[in-house]
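To keep things clear, I will list the structure first and then write my remarks on it.
Numbering (the numbering used here), first residue to last: 789 to 996.
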């Protein structure tokens with residue numbers, strides 16, 4: 789069973805964007821989601837929500853280098869927290885985030901996003917994996933967040949050497965091996981079981 793944390797990492801609302809003549813893209817934070825969703829809104833493209841997703845036979849997913857994405861997402865979390873709660877000490881924010889990894893969707897593993905999507909798709913839906921280089925197929929825009937790079941090189945090195953971080957991100961690295969492939973969610977889980985240690989550490993995998 790999932791804990792209360794699932795409300796944060798596995799929200800009850802899921803969106804897929806319909807890009808005419810291209811496909812249906814599932815926007816993941818820090819994987820070009822801002823560029824995709826803002827362009828889709830400007831073009832008045834359709835957003836499929838929750839049960840509307842179940843009818844789809846294929847969904848496109850953009851994957852990013854896990855460590856690069858984690859550092860970027862972690863910086864976004866720290867920056868946003870410092871802006872919304874300026875009374876908090878920066879080191880305290882970083883310590884909390886390091887100790888309780890992946891409690892924000894900006895740096896939660898891409899696998900967590902795919903697990904959440906799996907709750908809304910039919911079992912035969914094919915998930916088409918793309919690299920970040922393919923983002924121009926879904927949007928001509930490139931929107932970068934207006935934020936300061938708060939993390940120092942020491943912060944980044946600490947994150948890279950965090951043993952728990954490494955264990956979680958191993959599964960996202962296995963996802964990268966699936967780029968250019970089309971698989972069901974069940975087939976993705978079978979692929980990830982090649983690393984049983986990392987697989988079993990993620991309690992959310994009990995969903996299969």
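All C-beta atoms, glycine included, are put in the ideal place defined by N, C-alpha and C.
Do the segment 897-913 and the segment 952-965 make contact, defined as three or more Cβ pairs closer than 8 Å? Segment contact: the segment 897-913 against the segment 952-965, three or more CB-CB distances shorter than 8 Å; contact assigned.
Beta-bridge partners of residue 774, as assigned by DSSP: No answer is possible for residue 774: the residues shown for the chain start at 789 and end at 996.
On the CB-based measure, 16 or more other CB atoms within 10 Å of its CB, does residue 934 come out buried or exposed? Residue 934 is exposed by the Cβ-count criterion.
Please report the straight-line C-alpha distance between residue 937 and residue 922, rounded to a whole angstrom. Distance between the alpha carbons of residue 937 and residue 922 is about 26 Å.
Pairwise C-alpha distance: residue 955 and residue 914: One C-alpha to the other measures close to 27 Å.
My assumption, with CB atoms under 8 Å, is that residue 886 sits in contact with residue 950. Please give the rounded CB distance. The C-beta distance from residue 886 to residue 950 rounds to 6 Å, short enough to fall under 8 Å.
Which runs of the alpha helix (DSSP H) fall wholly inside the segment 901-970 and span at least 4 residues, in chain order? Taking only runs of at least 4 residues, the alpha helix (DSSP H) segments lying wholly in the segment 901-970 are 941-948 and 951-964.
Looking at the secondary structure, which residues open and close the alpha helix (DSSP H) in which residue 731 lies? Residue numbering for the chain in the displayed model covers 789 to 996; residue 731 lies beyond these limits and cannot be assessed.
Can you name, in chain order, every residue of its own chain whose Cβ lies under 6 Å from the Cβ of residue 893, other than the five neighbours on each side? Excluding positions up to five away in sequence, the list reads 817.
How would you call residue 974, buried or exposed, if buried means at least 16 neighbouring beta carbons within 10 angstroms? The residue in question, residue 974, is exposed, as its Cβ has fewer than 16 Cβ neighbours within 10 Å.
For residue 939, which residues of its own chain have a beta-carbon under 6 Å away from its beta-carbon, when the five flanking residues on both sides are left out? Counting only Cβ-Cβ distances below 6 Å, and skipping sequence neighbours, we find 863.
Please classify residue 856: does DSSP put it in a helix, a strand, or coil? Secondary structure of residue 856 (DSSP, three-state): helix.
Looking at C-alpha atoms only, which residue of 826, 871, 873 and 977 is the closest neighbour of residue 806? Ranked by how close their Cα comes to the Cα of residue 806, the residues 826, 871, 873 and 977 have 826 in first place.
Unbroken alpha helix (DSSP H) run spanning residue 974, endpoints: Segment 973-980, the alpha helix (DSSP H) holding residue 974.
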